[in-house]
Amino acid sequence: MNKVYQKRRDILGKLLPKDCGIIIPGADLQYRNADSSYNFRQDSSFYYLSGFCEADSTILIKNNNGSIESSIFVPKKDKLKETWDGHIEGPEGAISSYAFDNAYVNEDIDSLMPDLIIGMDRIFYLLGNKDNFDQKVVSWIKKATSKDRHSKSIDIANGTSLIGNMRLIKDDEEIAIIKKACEISADAHIEGMRSVKPEMNEQAMEAIYLHEFAKRGGRFAAYTPIVAGGSNACVLHYVENNETLGKSDLLLVDAGCEYDMYASDITRTYPVNGKFSSEQLAIYEVVLEALHAAIECVKIGNNIMDPQTKSEKIITKGLVDLGILKGDVDELYEKGAYKDFYMHKIGHWMGLDVHDAGDYMENNEYMNYQAGMVTTIEPGIYISNDAEVEDKWKGIGIRIEDNILVTKSGNLNLTSKVPSDPKEIEALMS
Ligand code: GLY
Ligand code: MN
Ligand code: MN
-15 MNKVYQKRRD ILGKLLPKDC GIIIPGADLQ YRNADSSYNF RQDSSFYYLS
35 GFCEADSTIL IKNNNGSIES SIFVPKKDKL KETWDGHIEG PEGAISSYAF
85 DNAYVNEDID SLMPDLIIGM DRIFYLLGNK DNFDQKVVSW IKKATSKDRH
135 SKSIDIANGT SLIGNMRLIK DDEEIAIIKK ACEISADAHI EGMRSVKPEM
185 NEQAMEAIYL HEFAKRGGRF AAYTPIVAGG SNACVLHYVE NNETLGKSDL
235 LLVDAGCEYD MYASDITRTY PVNGKFSSEQ LAIYEVVLEA LHAAIECVKI
285 GNNIMDPQTK SEKIITKGLV DLGILKGDVD ELYEKGAYKD FYMHKIGHWM
335 GLDVHDAGDY MENNEYMNYQ AGMVTTIEPG IYISNDAEVE DKWKGIGIRI
385 EDNILVTKSG NLNLTSKVPS DPKEIEALMS
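Quick note on the working numbering: the sequence shown kicks off at -15 and runs consecutively.
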């Protein structure tokens, strides 16, 4: 039995004020059409606290005056269902293999949950996280407080930050898995660079990435890959991935696998014919400088907005140097002129979710970095065909994205294995 989940439940339970509880719903099975389901993916917070991967399950963790008690509601054993869909743990398995103190069948949740939370001061749960769940929590609390005229009232609180901020600092088990996810994705990007050829379709390139992920153990992508040739790269969330790659195009691929439930999130932009044009290279060098400078800022004590500011300033200056923006660099920066070409944020937390849980602000201020955080750094410049610039720049969209672990002594770029230096990319592709 992996004890890490029980340890996390204990830590979370101790973060709760005394005589409070937290309810965490698991995911339900989702259907693609009729009775054909997607592969089940457990809710990330639920998984973080249990490692348990059966649909329709719910966790309750209580801090009973300092002592932590964890309960789980799970699907009941059903021999016929197991014949079709595989092993079901049932309550007994949830206790013996997942170390819950109590386990019940999920069908009994409406009658049992009110009794389990009677006498608590406050119940936390992930507000708005699951359809119809808010109403369920309210009804359990109502039932618990109205069982007897003299029952104690129970407050409701949002536990999103409580769990999110715990997930924000990755433990050693998580870091090892994230490193592996990043390594697989880096290898897939290397194969992508080696494989691309003019006239290939974007979806053939997508298939190469998915194949390279899966054969290394990352069966699913952590998010829908963006495989964008030429000006498609200027559509930030382009996922059609169905056009033919022109021989003078750049190809932007934003693709990362999920490995053992953890995400990776890499973007590389490379020339379909293996050689950057001078305009492509000029823009690329600005984005690369922003990437390097932003990564430098990711260290303990620095503010999480430092990479943002740094990248905005470098991109503004780079665009002025190339004549794409015209005017004084400082004034253009203050005006936010870069936003016409660099319109998204520099990055996001990454972990079980690609856009991971965890706050970005604390006491109304942006946080400082702490060891164990994992963030993406992903500057970009996107010059659409409609931009008011010289024709030679039009249709160039470039993003470079790495995954950075904050360490005690600085940071570790978990995705540096796949080259971002243009000379190294060209050498790899030759
Ligand atoms: N792939 C999504 C992102 O880069 O944020
Ligand atoms: Mn990405
Ligand atoms: Mn990202």
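Cβ coordinates follow ideal geometry from the N, Cα and C atoms, glycine included.
| query | result |
| --- | --- |
| DSSP bridge partner residues for Phe204 (one or two, in chain order) | Glu242 |
| Spatial neighbours of Met97 in its chain, beta-carbon cut-off 6 angstroms, leaving aside the 5 residues before and after | Trp124 |
| Paired residues, beta bridge with Cys4 - DSSP | Asn47 and Arg106 |
| Rounded Cβ spacing between Asp3 and Met104 (contact assumed at less than 8 angstroms) | 6 angstroms |
| Exposed unless 16 or more other CB atoms sit within 10 angstroms - verdict on His173 | buried |
| Closer than 6 angstroms: Tyr326 CB and nearest ligand 1 heavy atom | no |
| Residue burial classification, Trp377 (beta-carbon count within 10 angstroms, cutoff 16) | buried |
| Buried/exposed call for Ser(-15), threshold 16 Cβ in 10 Å | Reading off the sequence shown, one finds Met at residue -15, where the question assumed Ser. Exposed: under 16 other Cβ atoms inside 10 Å. |
| Distance between beta carbons of Asn86 and Pro59, contact taken as under 8 angstroms | Pro59 to Asn86, Cβ: 16 angstroms. No contact. |
| Heavy atom of ligand 3 within 6 angstroms of Glu362 beta-carbon | yes |
| Neighbourhood of Ile298 by C-beta distance below 6 angstroms, restricted to the same chain and skipping five residues each side | Glu273, Ala274 and Ala277 |
| Separation of Ile102 from Thr129, as counted between CA atoms | 7 angstroms |
| Euclidean distance between Cα positions of Tyr353 and Leu336 | 19 angstroms |
| Continuous beta strand (DSSP E) stretch holding Ala141: start and end | Asp139 to Asn142 |
| 6 angstroms Cβ shell around Lys127 - same chain, five flanking residues per side excluded | Pro98 |
| Three-state secondary structure assigned by DSSP to Ile284 | coil |
| Proximity test, Tyr243 beta-carbon vs ligand 1 heavy atom, cut-off 6 angstroms | no |
| DSSP three-state assignment for Met327, whether helix, strand or coil | coil |
| Contacting residues, own chain, Cβ-Cβ under 8 angstroms from Ala165 (five flanking each side not counted) | Gly202, Ala206, Gly240, Cys241, Glu242, Tyr243, Asp244, Tyr246, Ala247 and Ser248 |
| Start and end residues, beta strand (DSSP E) containing Ala87 | Asn86 to Val89 |
| Every unbroken beta strand (DSSP E) inside the stretch 121 to 209 [3 residues or more] | 139 to 142 |
| Cβ contact (3+ pairs, closer than 8 angstroms) linking the stretch 382 to 394 and the stretch 226 to 233 | no |
| Nonlocal neighbours in the same chain, by C-beta distance under 8 angstroms from Asp343, ignoring five residues either side | Ser145, Gly148, Asn149, Leu152 and Met351 |
| Endpoints, the alpha helix (DSSP H) within which Gly230 is located | Here Gly230 belongs to no alpha helix (DSSP H), and DSSP marks it neither H nor E. |
| Test: Ser34 CB closer than 7 angstroms to a CB of chain D | No chain D is part of this structure, which consists of one protein chain only. |
| CA-to-CA distance, Glu346 to Ile267, given in whole angstroms | 35 angstroms |
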